[in-house]
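A.B. asks:
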Amino acid sequence: MLLEPIMMKIEEVIQESPLARSFMFRKGLEYQPGQFVMLWIPGLDEKPFSISYHGKDFFGITVALKGKFTHRLHEMKAGEWVGIRGPFGSAFNLVVSEANLLDVGRACVVGGGVGMASLATLIERLGDLVVVQGARTASDLLYRNRFKVAGPLPTKDMLLCTEDGSAGTKGVPTDLLEDLYRHYRFDVLYTCGPEAMMVKVLDFAMQYNIYMQASLERYIKCAVGLCGQCSCNGLRLCIEGPVLDCEKLRTLEDFGRYARLRNGRRVSIEEYLGGNRRPNKHPSA
Amino acid sequence: MAEVDLSTELCGIRLQNPTVLASGILGTSKGLLKRVAQAGAGAVTIKSLSLEPLPGHNNPIVIGFEAGMLNAVGYANPGIKEGAKEFSNLKEVGVPVIASVIGRGVGDFMKVMEELWGLDFAAVEVSLSCPHTPGYGMLAGQNTPEATKEIVSVVRKCTELPLLVKLSPNVLEIGNVAMAAEEAGADGITAVNTLGPGMVINIEARQPILDFKVGGVSGPALRPIALRCVYDIYKAVKIPILGVGGISTGRHAIEMLMAGASAVGIGTAVYSRGVEVFGLVCSEIKEWMEANGCASTKELIGAAHVS
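Residue numbers (our numbering), protein chains in the order written: chain A, 1 to 285; chain B, 1 to 307.
Written out as structure tokens, the structure is:
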């Protein structure tokens, strides 16, 4: 774990969608799927990003355009330098056998929007799974060439859905859960995306008694468990999170309801997203 | 041998043990305070509240180095009105909760104190010593004996709760500042705030890592200085001291009690030992007391003051 930012050269920039780019670094990191790094642009700010690509001697992050910081990052090209600190936080609970397949059985991965970024390396590690990715519109879908779309089990199946129906099924991923469960009989659910979607995934998991984990997003500052900014009730999302399991989530009052603004004020998720995400008004990330 | 007594008293507040969550660490939410209490802290301090909300500095706000941490959080807080909502029903926390308040001047402090009425705080800590927030603490000159006296006299009139004053180690004669606080009516001294400010530069980026460039130094590097400050203050005043600075083990805590503290603040050690540090330090104190025939923390407070 890197406790102070290490300056790293951007090796490559990949345009994943009109609004999302991946930044690749040639550096090995001790890392488990679900963890995040802090990316520092000297003189500007430092923000958390999930690792979305990982190999022996490389890693990458996928960044959606949101505010001032991500705009500046999107302007950066291969050869430019940023600081990286981490990885930090909890990981998806993978029980990987020697064959590198998940021991717990068949998995269903539910991704929404740029939430796919924190699920991508998990998908690569899993052996038997189905992936559902949801986005607003076809061009927002991520990693379509990276993961096989609708191939036969037990290879990686990725089903798509869009809110406007421009690709895959029209609707949101959680609309498909009942049918998917009937068809695939998965044993575990992993999810990352809009919190309202993740709440529905939790409800589904509880109803069918399926083990479930979700990766949450909150404003993170110190990333080492001291400042309390990312407090979710009694949990620090930078240490005990960002990945939490169903047992924790079901008792977490803030899940799907509240998040903290930069000054620590606890507000509704809607206000938090408005305040943090609306480009050009309150640019934060 | 009978069970050793870890309890202590700080400005009339009874603590089950001498460990206290220091202000600025984890004190953003009631949920986290509760968790720290469950981890074994004898009391907890909230993150400082100002009159208006403060966004704090940009990241990075915290950076580790080989002998501790630097921070320039910049007093990010939602302001006293929102803070009062966050910290309602404090009885749920299970241990005494200390309010930490900051202000740009006496006017701010008076208004902030007004909002504390009716909340279940056990004491108020007035911080006059932050080294990284323009307009507050050290950067507003509040760490002089004169300013300390002026502010504490006013705050004293605003509350009947026990009043602690948190001092900066960045002064020549900390005993004089403590005396000014005592004369102005303080019930206790919290010593010390972070040291410095200091700086860490990333040589590849060719610039300071902290966005505010400088930050307060805490952790192991601060410990010997904090000890000396508490030792000096113990000689200078009669009111009790909450000793803070670099404590991460039971031995460190005992050392601080011996320097003259009645209780010990723990902050940065949450990084190295986790939230469990409070319980760990308590059992280490207890073990040492048992092994050394010490029945009560009372025997330890100020024990290092030999003529």
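Glycine included, each C-beta is placed from N, C-alpha and C at the ideal position.
Suppose you measure from the CA of cysteine 222 (chain A) to the CA of isoleucine 266 (chain B); what does that come to, to the nearest Å?
C.D. replies: Here the question's residue 222 (chain A) lines up with position 222 in the first sequence. Here the question's residue 266 (chain B) lines up with position 266 in the second sequence. Cα-Cα distance, rounded: 17 Å.
A.B. asks: Name, in chain order, the residues that DSSP records as bridge partners for glycine 64 (chain B).
C.D. replies: Numbered from 1 along the second sequence, position 64 holds the residue referred to as residue 64 (chain B). Glycine 64 (chain B) is bridged to B:Met69.
A.B. asks: May I have the straight-line CA-CA distance separating valine 264 (chain B) from valine 62 (chain B), to the nearest angstrom?
C.D. replies: What you label residue 264 (chain B) is simply residue 264 of the second sequence in a count that begins at 1. What you label residue 62 (chain B) is simply residue 62 of the second sequence in a count that begins at 1. Valine 264 (chain B) and valine 62 (chain B): Cα-Cα distance of roughly 22 Å.
A.B. asks: May I ask you to list, following chain order, the residues of the stretch 20-34 of chain B that have a beta carbon less than 9 Å from some beta carbon of chain A?
C.D. replies: Gly24, Ile25, Leu26, Gly27, Thr28, Ser29, Lys30, Gly31, Leu32, Leu33, Lys34
A.B. asks: Taking only beta carbons into account, state which residues of the stretch 41-73 of chain B come closer than 9 Å to chain A, listed in chain order.
C.D. replies: Shown in chain order are the members of the stretch 41-73 of chain B whose Cβ falls below 9 Å from a Cβ of chain A: Lys47, Pro53, Leu54, Pro55, Gly56, Asn58, Asn59, Pro60, Ile61, Val62, Ile63, Gly64, Phe65, Met69, Asn71, Val73.
A.B. asks: Rounded to whole angstroms, how far is the Cβ of valine 192 (chain B) from the Cβ of cysteine 158 (chain B), which I believe are closer than 8 Å?
C.D. replies: In the second sequence, the residue the question calls residue 192 (chain B) occupies position 192. In the second sequence, the residue the question calls residue 158 (chain B) occupies position 158. Separation of the CB atoms of valine 192 (chain B) and cysteine 158 (chain B) is rounded to 24 Å, and the pair is thereby denied contact status at 8 Å.
A.B. asks: Would you mind stating whether valine 171 (chain B) and methionine 110 (chain B) have Cβ atoms separated by less than 8 Å?
C.D. replies: For the purposes of this step, residue 171 (chain B) is identified with residue 171 of the second sequence, where counting begins at 1. For the purposes of this step, residue 110 (chain B) is identified with residue 110 of the second sequence, where counting begins at 1. No.
A.B. asks: Are any of the Cβ atoms in chain B nearer than 8 Å to that of leucine 249 (chain A)?
C.D. replies: Stepping through the first sequence from its first residue, residue 249 (chain A) is reached at position 249. Closer than 8 Å: no.
A.B. asks: Using C-beta distances below 7 Å, list every residue in its chain close to glycine 234 (chain A), excluding the 5 sequence neighbours before and after it, in chain order.
C.D. replies: On the first sequence, position 234 is the one that residue 234 (chain A) refers to. Correct list: empty, nothing qualifies.
A.B. asks: Output the distance between the C-alpha atoms of glutamate 240 (chain A) and lysine 149 (chain B), rounded to the nearest integer angstrom.
C.D. replies: Stepping through the first sequence from its first residue, residue 240 (chain A) is reached at position 240. Stepping through the second sequence from its first residue, residue 149 (chain B) is reached at position 149. Spanning the two alpha carbons is a distance of roughly 43 Å.
A.B. asks: Nearest to valine 101 (chain B) by CA position, among B:Ile241, B:Leu222, B:Leu51, is which residue?
C.D. replies: Position 101 of the second sequence, counted from the start, is the residue given in the question as residue 101 (chain B). Here the closest residue by C-alpha is B:Leu51.
A.B. asks: For the beta strand (DSSP E) containing histidine 54 (chain A), list its first residue and its last residue.
C.D. replies: Numbered from 1 along the first sequence, position 54 holds the residue referred to as residue 54 (chain A). Run containing histidine 54 (chain A): 45-55, per the beta strand (DSSP E) assignment.
A.B. asks: Could you give the DSSP three-state label for isoleucine 14 (chain A): helix, strand or coil?
C.D. replies: As a working note, residue 14 (chain A) is residue 14 in the first sequence. DSSP places isoleucine 14 (chain A) in strand when its eight states are reduced to three.
A.B. asks: Excluding the 5 residues flanking phenylalanine 278 (chain B) on each side, which residues of the same chain have their C-beta closer than 6 Å to its C-beta?
C.D. replies: Here residue 278 (chain B) refers to the residue found at position 278 when the second sequence is read from its first residue. Within the same chain, phenylalanine 278 (chain B) has close Cβ partners Thr19, Ala39, Gly40, Ala41.
A.B. asks: Should threonine 190 (chain B) and glycine 68 (chain B) be called a contact, given that it needs their Cβ atoms to be closer than 8 Å?
C.D. replies: As a working note, residue 190 (chain B) is residue 190 in the second sequence. As a working note, residue 68 (chain B) is residue 68 in the second sequence. No; because the gap between Cβ atoms is not below 8 Å, this pair is not in contact.
A.B. asks: With a threshold of 8 Å between beta carbons, is glycine 241 (chain A) in contact with chain B?
C.D. replies: Position 241 of the first sequence, counting from 1, holds the residue named residue 241 (chain A). Closer than 8 Å: no.
A.B. asks: What would DSSP say about cysteine 192 (chain A), mapped onto helix, strand or coil?
C.D. replies: Numbered from 1 along the first sequence, position 192 holds the residue referred to as residue 192 (chain A). DSSP, read as helix, strand or coil, puts cysteine 192 (chain A) in strand.
A.B. asks: Could you give the DSSP three-state label for glycine 293 (chain B): helix, strand or coil?
C.D. replies: By one-based count along the second sequence, residue 293 (chain B) stands at place 293. Three-state DSSP puts glycine 293 (chain B) in coil, outside helix and strand.
A.B. asks: Just reading off the beta strand (DSSP E) that glutamate 9 (chain B) is part of, what are its end residues?
C.D. replies: In the second sequence, counting from the first residue as 1, residue 9 (chain B) sits at position 9. Per DSSP, the unbroken beta strand (DSSP E) holding glutamate 9 (chain B) starts and ends at 8-10.
A.B. asks: Could you check whether the Cβ of aspartate 108 (chain B) sits closer than 8 Å to any Cβ belonging to chain A?
C.D. replies: Residue mapping note: residue 108 (chain B) aligns to position 108 of the second sequence, counting from 1. Cβ-Cβ to chain A under 8 Å: no for aspartate 108 (chain B).
A.B. asks: Tell me, please, whether the CB atom of glutamate 204 (chain B) is closer than 8 Å to any CB atom in chain A?
C.D. replies: Residue 204 (chain B) sits at position 204 when you count from the first residue of the second sequence. It does; some Cβ of chain A falls within 8 Å.
A.B. asks: Quick check on glycine 118 (chain B): buried or exposed, where buried means 16 or more other Cβ atoms within 10 Å of its Cβ?
C.D. replies: For the purposes of this step, residue 118 (chain B) is identified with residue 118 of the second sequence, where counting begins at 1. Around the beta carbon of glycine 118 (chain B), fewer than 16 other beta carbons sit within 10 angstroms, so the residue counts as exposed.
A.B. asks: When DSSP builds the beta bridges, which residues end up paired with aspartate 245 (chain A)?
C.D. replies: The residue given as residue 245 (chain A) occupies position 245 in the first sequence. The secondary-structure analysis by DSSP pairs aspartate 245 (chain A) across a beta bridge with A:Gln213.
A.B. asks: Name, in chain order, the residues that DSSP records as bridge partners for tryptophan 81 (chain A).
C.D. replies: Position 81 of the first sequence holds residue 81 (chain A). Residue pairing by DSSP places tryptophan 81 (chain A) opposite A:Lys9 in a beta bridge.
A.B. asks: Does any CB atom of chain A fall closer than 8 Å to the CB of proline 78 (chain B)?
C.D. replies: On the second sequence, residue 78 (chain B) is found 78 positions in, with the first residue counted as 1. Taking Cβ atoms only, chain A reaches closer than 8 Å to proline 78 (chain B), which makes this a yes.
A.B. asks: Would leucine 142 (chain A) and methionine 116 (chain A) qualify as a contact pair, given that the criterion is a beta-carbon distance under 8 Å?
C.D. replies: Reading the first sequence from its first residue, position 142 is the one you call residue 142 (chain A). Reading the first sequence from its first residue, position 116 is the one you call residue 116 (chain A). Contact flag set, yes.
A.B. asks: If you measure between the beta carbons of proline 96 (chain B) and alanine 76 (chain B), is that distance less than 8 Å?
C.D. replies: Within the second sequence, residue 96 (chain B) is the residue found at index 96, counting from 1. Within the second sequence, residue 76 (chain B) is the residue found at index 76, counting from 1. It is not a contact, given that the beta carbons lie outside the stated cut-off.
A.B. asks: Which runs of the alpha helix (DSSP H) spanning at least 4 residues fall entirely within the stretch 221-247 of chain B, listed in chain order?
C.D. replies: Within the stretch 221-247 of chain B, the complete alpha helix (DSSP H) runs of at least 4 residues are 223-236.
A.B. asks: Between which two residues does the beta strand (DSSP E) containing serine 22 (chain A) stretch?
C.D. replies: One-based indexing of the first sequence puts residue 22 (chain A) at position 22. Segment 20-25, the beta strand (DSSP E) holding serine 22 (chain A).
A.B. asks: In angstroms, rounded to a whole number, what distance separates the CA positions of glycine 151 (chain A) and glutamate 80 (chain A)?
C.D. replies: Sequence index remark: in the first sequence, residue 151 (chain A) carries index 151 (1-based). Sequence index remark: in the first sequence, residue 80 (chain A) carries index 80 (1-based). Confidence at glycine 151 (chain A) is low in this model, with a pLDDT of 47, below 50, so its placement is unreliable and the value that follows should be read with caution. Answer to the nearest angstrom: the Cα atoms are 38 Å apart.
A.B. asks: Anything in chain B within Cβ reach of cysteine 246 (chain A), meaning under 7 Å, just list it in chain order.
C.D. replies: Within the first sequence, residue 246 (chain A) is the residue found at index 246, counting from 1. What cysteine 246 (chain A) touches in chain B: nothing, since even the nearest Cβ is about 19 Å away.
A.B. asks: Taking the Cβ atom as the reference point for each residue, do glutamine 229 (chain A) and threonine 28 (chain B) lie within a distance shorter than 8 Å?
C.D. replies: Here residue 229 (chain A) refers to the residue found at position 229 when the first sequence is read from its first residue. Here residue 28 (chain B) refers to the residue found at position 28 when the second sequence is read from its first residue. Yes, the Cβ-Cβ distance between glutamine 229 (chain A) and threonine 28 (chain B) is below 8 Å.
A.B. asks: Flag isoleucine 209 (chain B) as yes if its beta-carbon sits less than 8 Å from any beta-carbon of chain A, otherwise no.
C.D. replies: Walking along the second sequence from the start, residue 209 (chain B) turns up at place 209. The Cβ of isoleucine 209 (chain B) sits closer than 8 Å to at least one Cβ of chain A.
A.B. asks: Determine whether the beta carbon atoms of isoleucine 287 (chain A) and arginine 85 (chain A) lie at a separation below 8 Å.
C.D. replies: Not covered by the structure: residue 287 (chain A). The range shown for chain A is 1 to 285.
A.B. asks: Provide the residue(s) that pair with asparagine 202 (chain B) in DSSP beta bridges, ordered along the chain.
C.D. replies: Translated into positions along the second sequence, residue 202 (chain B) becomes position 202. Asparagine 202 (chain B) pairs with B:Gln207.
A.B. asks: Is the number of C-beta pairs between the stretch 34-48 of chain A and the stretch 202-212 of chain B that are closer than 8 Å three or more?
C.D. replies: yes
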